[in-house]
Amino acid sequence: MALQQFAPIAALIILAVVLTFIISNISTIFGPSNNTSRKTAPYESGMQPIGVGMRRMPVKFYLIGVLFILFDIEVIFFLPWAVVFRDLGFYGLAVMGLFFFILTIGLIYEWKKGALEWE
Amino acid sequence: MIDVPSIADLNLTVTFPAVFLALFTMVVLIVDLFIPKDRKIRTAHLTLGGLVVAFVWNVLVFDSNQTALGGMYIADSFSGFINFIALTAAIITCFLSVDYLKRTGIEQGEFYSLLLFSTAGVMFMGAASDLIVVFIALEILSIPLYVMAAMRYRDAKSEESGLKYFILGAFASAFFLYGAALVYGATGTTSLPEIFASVEGIVATDSGARLYLVLGAALIFVGLGFKVAVVPFHMWTPDVYEGAPTPVTAFMSVAAKAGGFAALLRLMVIALPELTANIGDTIAIWQTTIAIVAAATMILGNFVAIVQTNVKRMLAYSSIAHAGYILMGVAAVGTIGVAEEATRAALIYMLAYTFTNLGAFAVVMALEKDDGSGTQIADFKGLSRSRPLLAVMMAFFMLSLTGVPTTAGFIGKFLLFGAALEAGLVLLTIIGVLTSVVSAYYYVRIIVNMYLEDGEGDPAEGATQYLNYATYAAFAGTLIIGLFPFLAVNLLDTMMIAGLF
Amino acid sequence: MENLAQIAPLIILFPAIGAFINFFWGAKMGEGASAMVGTVASGSSFLVALGLLAYLTGNGFNPAVINPPLLDSWIRIDSVGLDISWQTRVDTLSVSMTLFVTFVGTLIHIYAAGYMHGDPRFSRFFAYLNMFLAFMLILVMGNNLLMMFVGWEGVGLCSYLLISFWWDKPGGEGIANSNAGRKAFIANRVGDFGVLIAIFLSFWAFGTLDYYKPNEIPNPQVSAAHLEEETDSSRVFYSFADEDVEMSQLGMFGQVARYVRIDEAASVSLDNARTILNQARGTGDEQLIAQAEALLETTRAEADANRPQFNIGPATFGIGTLLTLITLFMLLGVTGKSAQIPLFVWLPDAMAGPTPVSALIHAATMVTAGVYMMVRSNIMFHHAELTSIIVALIGATTALVAGFIAIGQFDIKRVLAYSTISQLGFMVAAVGLGAYVAAMFHMITHAFFKALLFLGSGSVIHGMEHGHHHVHLHDADHPEAVTHDSHDDDGFDPQDMRYMGGLREKMPVTYWTYLFGTIALAGIWPFAGFWSKDEILLDAWYVGFEKGLFQGFIVLGLLFAAAAFTAFYMWRQIEMVFHGKPRHEAAEHASESSRSMTIPLVILAFFALFVGFINIPSGIGFPFTFGLEGVLGVHLLGDFLEYSIFAEAFNLLTFNALIAIPALAVGIGGILAARSVYGGGKAIDASGQDPLQADPNTALVWNVAYARMYWDEIYFALIINPYIRIADFLYEVVDWGFLHDYFHDSVLIRGYRSMGDLLARPFDLGIIDGAVNGLGWLAGRIGGGLRLTQTGYVRTYAVALLLGVVAVIILMLLPLI
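Residue numbers (this note's numbering), protein chains in the order written: chain A, 9 to 127; chain B, 17 to 517; chain C, 294 to 1110.
Spelled out as structure tokens, the structure:
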């Protein structure tokens, strides 16, 4: 009885592990690979893990990183909202819609500014 | 069960000026993407349009005295007045920026969205009724300013000022947050009216909560005091003011100050007026501290301003001094019964200072060369001959900053000193009067340079059409408030900080 | 129809916008567009006025008070209860004013488009005209004395600007023009001072400056009729007859009525008690007498307690004294603005302005502002008997004096100026007699025919200038661009009637319309002037014979004489200008003016004939009225104004042939006399003199009129020269002689020097120097120290911030320890 309560959690854990495994490897398996020494480095962000702290490095990685974090934050809001979605009703939808709208504007902006283009 | 509000409960109508401006920022941001690089003046026009809409709406909902956004937002004449200051500052800054940005080669559409964002932050700051909103508004106000300060990124000074401002600002924000957390810990709420309700009990029981509350108040004061640049949190001001593009400096010196003081006044008037040492006292605990800080600010700001030779830097120190004067009003709030008068005085002082200081900066910009030179006091020599009108207006702004009658500055000082005397802060008032006498020295020196010193006079090539609009607007504002103070006073005549007076 | 009154603020807004446009863009727009803007703005105001008239007729003539948005609580000082809103008042009085102001104004705009053609400041002129209209309408439409005062000052300003409009003419003339403007302004300032005092007194006594509160019905009769019809429950109507209405809810006029009623009640009870005492004395019964005396005592005490008292400064007034004071100060303003004795001297000089200005401002509208103010405050004047007598006498005297002076003038516009003063005297006298309707009636008719006459004279001047230019070919290339430079090298003056004559053939339209205006002004049936002048004379007769008041007789006599003069000087003008033979080559070559100038003349001439029928007295009918009373009704204007004029001050009289026939006879007699003197081509004799001047029997009197009765000289001798002497004395003796030469040089400088010597050597060298050097050293150290703190390093700043935090926390916690 008590254990059965944890069954969904167990399922979630298993799902997470499997999904992670699939997602992280699926591109390696199916995608074309052209490994260079830099690409195989542990931090694929142009950063040398060993050596002097202050040296030149490509700022593009940081830009992408910052943008990623910005949009990643949305999850913090979306997840709790999804949990109480039914209780919040239209109000919740409207407020979240606004939030999403603002995020989209950010996306449009960075897109148009060319921040997403690598070169 | 979750208590879900309805959209109607949000009472969006009264929040419209601020909310509209925040949304409009995004419109400007997006629309600007599609405006070609050499047509950025359209962005400026769009921005002005939005500001005017917000301004008109603000007039319409001026003293509606309602709470909105679930009690986190108060629309009363206090917030209306702050909106008024913020929007005026933004509009004038807009005019100041157009040509300046172009000739210094930093014309970017983002400048205007950032300006709007910051303005919205000021407006939320004035209307916040919850510590969380205050904090968010503080960030909305500050972050765009960090960016704007560094806008002239080819100039190392500007970059440095942006970074410096950012790091120290983040540092101060942390203090604010820490203070807010302490207050929350002591009272169990972040809502300002509820904090007010629990203060009396905390003072009466003399519990440990009182210690937290006082500590919290102190740290919040630090956080906001940094924004408004009072001694000893002023160190960043001269560097940043000098390094930032001049319109940004002008905006920072009035709008950021207005926002900071708005939050400070809200907090002290709504939440903590009865934070006294003993129950039944008529003077709040924090009054002495603020009074001492105010005195130090006035003294340091004015004395250091004397030795400056660069007008921008001089105005930076003078803005520190003026923060001291306004802080005097905040201190006066701490005497029970004087809160309304002192708040009104501080608000009117801010409005007067907004017009005057923007005007002074406008004139400085008219003289400023593209490379940032031309702002030495000596550059004002003979201006009365080369640009008589400009010189007259500059003289008027200087007199207003000094506080000479018939100028707006006089009205502000008059009301402030009156409120401080009412509050029993006699020594502080004396310091205020003496330091404003001192300030006359360096303000009048500019007038002397313009009128009495020989010199061929600067042609003031920066005085372009838009800049002139800004100068005239500031001049008109200064003059009108000086001559018809009741126009401003009447706005606050029935002042309601919702629920208190 | 209920909401139609809401358009009232537009009536002010339109000309204001017109002025604004013309000020800023007029010069760029060109003449046509500029004139169009001005005329359309003025015409729109007229349409609004018609709309307001429709509102009044559709709503039982009930007044409405409109609060334009954003202008509520224009001036508010809570501590003294001052709260002035920018309210416009729509009632029959204000609407009848606006109707003729905007109508005549529009015509004059059209006229000015032709008259000012070619002037370098054409658009500025229209901007001023529109600005004037806006201020005039503020004056008329306001619902409080302060708005009236704003308009009052505003029209004064516009008048000043327009009189000295040609300040830049060559020679001494430009200076003369600007001096004329200054004279007008200064004379009006004296009057404005009176108005201000009246406003202060009113506010002091009544605590408000509103005429009536928005929901107040001024006239008891109206309110009773209206209350039954009133369906709009949002407005609470009450009249000031209702005793249960608080005094503070009433406007100043309502309060006056209430105070007067209270005061009279006290007097009545006192009189009753006196009667009882007298009866008791008659019986000789000691006990009764004692009772009656006791009753009188208590009644007197009660009456004293009940009587309203007003504390103005140290003095205490009853309501009667107070009203007398207020109205007397108002009267001072009236004598300034409406050009009455003693302040009328500015108006003749004001003719230096362009002729449309003379027509609009100095004949038809602005100068009637004083009369309007008195009619507006009719309740105050009605209860201030002393003032009323003074008003009547001043008005009648002015009418006669100005009429007399007009006979001795040669300048065509100056004659009309004195005529205006004289006619204003008629109106003022009517107000003094309590005949407010008659005053308004004459004001309206006079506006039409005097505007007509001025525009006609402008047309004549224009024609003369044309003729002059034609002769001299000064502007052969631009014959149209007449620049109104009236005084030429040869001394020719296009305004001087001595150079005219025989213009009837040259300018037929001008002649016939001018003739209409003359006959109307002379008061010949059936023209407008006959009806309105007759009504004033009738009221004078009524006051004298029916009420038995002495001022009625005096006024009647003076006005009859003035009417005779009026007919005389007007016909003299006709003879000199139009009849006979041309006396100057300019007159020979004069030509009719353009269409834009003659059309307004014709329209105005039509009104000069018919506008008198708007107030046909009762008791007269076909054929004298052409049966128009069947269409327009009897006392149309009177019945209209009944809704604005205090009931007790209101009377409409029946036609009286005993007045009308002598009046008519006087008018015709004047014309005949003038005809016999000036007719038949001997208007000016060979030596260039007036026939009356040439005749030794009349020369003495005529010369007095010619010298304008020495008013200016008297003022110079009595007021201005002493003033200048005092100023000279202050300047030369007190300021230079004493303050500069003696006090400054001997006392200040010498004292300062010796003090300086004292301070310099022992004090300065010893103590101060040392201290200053020390301070300098200290400041250097401090500055150095501060400079060290301002390192520019963020880490230093952060540490300083942290130290600051610690300091603040310690300071904050100190009180807790």
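Think of the CB as a built atom: it goes at the ideal place given N, C-alpha and C, for glycine as much as any other residue.
If you're wondering where the values come from, they're calculated on a predicted model, not measured in any experiment.
Should Gln324(B) be labelled buried (16 or more other beta-carbon atoms within 10 Å of its own) or exposed? Against the second sequence, residue 324(B) aligns to sequence position 308. Buried, since its Cβ has 16 or more Cβ neighbours within 10 Å.
What residues from chain B crowd round Tyr1090(C), counting only those whose CB sits closer than 7 Å? Sequence index remark: in the third sequence, residue 1090(C) carries index 797 (1-based). Near Tyr1090(C) (Cβ distances below 7 Å), the residues of chain B are Leu184, Met251 and Trp252.
Simplified DSSP state of Gly435(C), which is helix, strand or coil: As a working note, residue 435(C) is residue 142 in the third sequence. If DSSP states are grouped into helix, strand and coil, Gly435(C) belongs with the strands.
Which residue's Cα is closest to the Cα of Ala958(C): Leu902(C), Gly629(C), Leu489(C) and Trp818(C)? As a position in the third sequence, residue 958(C) is number 665, starting the count at 1. When only C-alpha atoms are compared, the closest one is Trp818(C).
Hey, out of Asn315(C), Tyr348(C), Ser560(C) and Glu539(C), whose CA is closest to Ala420(C)'s CA? Indexing the third sequence from 1 puts residue 420(C) at position 127. Closest by C-alpha distance to Ala420(C), out of Asn315(C), Tyr348(C), Ser560(C) and Glu539(C), is Asn315(C).
Expressed to the nearest angstrom, what Euclidean distance is found between the alpha-carbon atoms of Val408(B) and Leu468(B)? Counted from its first residue, the second sequence places residue 408(B) at position 392. Counted from its first residue, the second sequence places residue 468(B) at position 452. For Val408(B) and Leu468(B), the distance between alpha carbons rounds to 13 Å.
Quick check: the Cα distance between Ala816(C) and Thr690(C), rounded to an integer number of angstroms? Mapped onto the third sequence, residue 816(C) falls at position 523. Mapped onto the third sequence, residue 690(C) falls at position 397. For the sequence presented, residue 816(C) should be read as Gly rather than Ala. Approximately 19 Å, taken between the alpha carbons.
Report the start-end ranges of each alpha helix (DSSP H) in the stretch 192-239 of chain B that is 4 residues or longer and not cut off at the edges. The stretch 192-239 of chain B contains these whole alpha helix (DSSP H) runs: 208-221.
Are the C-beta of Val20(B) and some C-beta of chain A separated by less than 7 Å? In the second sequence, the residue the question calls residue 20(B) occupies position 4. At least one chain A Cβ lies under 7 Å of Val20(B).
Comparing C-alpha positions only, which one of Val1099(C), Leu1106(C) and Pro1108(C) sits nearest to Pro248(B)? Start at 1 with the first residue of the second sequence, and residue 248(B) comes out as number 232. Ranking Val1099(C), Leu1106(C) and Pro1108(C) by Cα distance to Pro248(B) puts Val1099(C) first.
Using the beta-carbon of each residue, which ones in chain C are nearer than 8 Å to Asp171(B)? Counted from its first residue, the second sequence places residue 171(B) at position 155. Within 8 Å Cβ-Cβ: nothing; Asp171(B) doesn't reach chain C, min ~15 Å.
Does Arg369(C) come out as helix, strand or coil in the three-state DSSP assignment? Here the question's residue 369(C) lines up with position 76 in the third sequence. Strand.
For Asn465(B), the three-state DSSP class (helix, strand or coil): Working through the second sequence from its first residue, we reach residue 465(B) at position 449. Secondary structure of Asn465(B) (DSSP, three-state): helix.
What are the uninterrupted segments assigned as beta strand (DSSP E) that are 3 or more residues long and contained completely in the stretch 435-475 of chain C, given in chain order? Counting only runs that start and end inside the stretch 435-475 of chain C, there is no beta strand (DSSP E) element of at least 3 residues.
Less than 7 Å between CB atoms is the rule here; does Met1105(C) satisfy it with respect to chain B? Reading the third sequence from its first residue, position 812 is the one you call residue 1105(C). True, the Cβ-Cβ gap to chain B drops below 7 Å.
Which same chain residues, not among the five before or five after Gly837(C), have their C-beta less than 6 Å away from its C-beta? Counting from one through the third sequence, the residue named residue 837(C) turns up at place 544. For Gly837(C), where only same-chain residues beyond five positions count, the Cβ hits under 6 Å are Gly845, Phe846 and Leu849.
Taking 7 Å as the CB-CB limit, is Tyr117(A) close to chain B? Position 109 of the first sequence, counting from 1, holds the residue named residue 117(A). True, the Cβ-Cβ gap to chain B drops below 7 Å.
Select from the stretch 287-310 of chain B all residues with a C-beta closer than 8 Å to any C-beta belonging to chain C, and list them in chain order. Under the 8 Å Cβ criterion, the stretch 287-310 of chain B contributes Ala293, Ile301, Trp302, Thr304, Thr305, Ile308 and Val309.
Return no unless some Cβ of chain C is closer than 7 Å to the Cβ of Phe36(B). Position 20 of the second sequence holds residue 36(B). It does not; no Cβ of chain C falls within 7 Å.
Quick check on the DSSP output: the beta strand (DSSP E) that includes Ala486(B) runs from which residue to which? Along the second sequence, read from residue 1 onward, the residue named residue 486(B) stands at position 470. Under the DSSP assignment, Ala486(B) falls outside any beta strand (DSSP E), being part of the alpha helix (DSSP H) whose first and last residues are Gln481 to Leu499.
For the beta strand (DSSP E) holding Tyr89(B), just list the boundary residues, first then last. For this step, residue 89(B) is matched to residue 73 along the second sequence. It spans Tyr89 to Ala91 - the beta strand (DSSP E) in which Tyr89(B) sits, taken as one unbroken run.
Can you list, in chain order, the residues of the stretch 319-338 of chain B whose Cβ is nearer than 7 Å to any Cβ on chain A? Per Cβ criterion, the list is empty.
Does the pairing of the stretch 126-133 of chain B with the stretch 96-113 of chain B give three or more beta-carbon distances under 8 Å? When C-beta atoms of the stretch 126-133 of chain B are compared with those of the stretch 96-113 of chain B, three or more pairs fall below 8 Å, so the two segments count as touching.
Kindly list the residues whose CB is nearer than 7 Å to the CB of Ala332(B), restricted to its own chain and excluding five residues on each side of it in sequence; keep chain order. Stepping through the second sequence from its first residue, residue 332(B) is reached at position 316. Correct list, in chain order: Thr253, Pro254, Tyr257 and Glu258.
Using CA coordinates, which residue listed in Gly185(B), Ala196(B) and Ala197(B) is at the minimum distance from Phe242(B)? By one-based count along the second sequence, residue 242(B) stands at place 226. Taking only the C-alpha atoms, the option nearest Phe242(B) is Gly185(B).
Nearest neighbour of Thr680(C), chosen from Leu618(C), Glu557(C) and Asp564(C) [CA to CA]: For this step, residue 680(C) is matched to residue 387 along the third sequence. For Thr680(C), the nearest C-alpha among the options comes from Leu618(C).
Are the Cβ atoms of Thr803(C) and Ser752(C) separated by less than 7 Å? Position 510 of the third sequence holds residue 803(C). Position 459 of the third sequence holds residue 752(C). Contact: yes.
Is there at least one Cβ from chain B nearer than 7 Å to Tyr70(A)'s Cβ? Translated into the one-based positions of the first sequence, residue 70(A) becomes position 62. Among the CB atoms of chain B, none fall inside 7 Å of the CB of Tyr70(A).
Spatial neighbours of Arg574(C) within its chain, please: C-beta separation below 7 Å, excluding the five flanking residues on both sides. As a working mapping, residue 574(C) is identified with position 281 in the third sequence. Listed in chain order, the non-local C-beta contacts of Arg574(C) below 7 Å within the same chain comprise Ile582, local neighbours out to five positions each way being set aside.
Give the residues of chain B in contact with Ile1102(C), contact being defined as C-beta atoms less than 8 Å apart. Reading the third sequence from its first residue, position 809 is the one you call residue 1102(C). The contacting residues are Leu231, Ala234 and Leu235.
Please confirm if the stretch 344-362 of chain C is in contact with the stretch 420-431 of chain C, defined as three or more CB-CB distances below 8 Å between the two stretches. Short answer: they don't touch.
Spatial neighbours of Ile909(C) within its chain, please: C-beta separation below 6 Å, excluding the five flanking residues on both sides. Locating residue 909(C) in the third sequence gives position 616, where the first residue counts as 1. Excluding residues within five positions, the ones whose Cβ falls inside 6 Å are Thr918, Glu922 and Val927.
Using DSSP with H/G/I as helix, E/B as strand and the rest coil, what is Arg551(C)? By one-based count along the third sequence, residue 551(C) stands at place 258. In this structure, DSSP gives Arg551(C) a helical state, which the three-state scheme calls helix.
Alpha carbon to alpha carbon, how far is Pro413(C) from Lys462(C)? Here residue 413(C) is taken as the residue at index 120 of the third sequence, counted from 1. Here residue 462(C) is taken as the residue at index 169 of the third sequence, counted from 1. Here the C-alpha atom of Pro413(C) lies approximately 12 Å from the C-alpha atom of Lys462(C).
DSSP three-state call for Gly515(B): helix, strand or coil? The residue given as residue 515(B) occupies position 499 in the second sequence. Because Gly515(B) sits at a pLDDT of 45, beneath the cut-off of 50, its placement in the model cannot be relied upon, and the point is left open.
Please look up how many angstroms separate the CB atoms of Thr391(C) and Ala328(C), rounded, as I've assumed it's under 8 Å. Within the third sequence, numbered from 1, the residue matching residue 391(C) stands at position 98. Within the third sequence, numbered from 1, the residue matching residue 328(C) stands at position 35. Going by Cβ atoms, the distance from Thr391(C) to Ala328(C) rounds to 22 Å, so no, they are not a contact pair.
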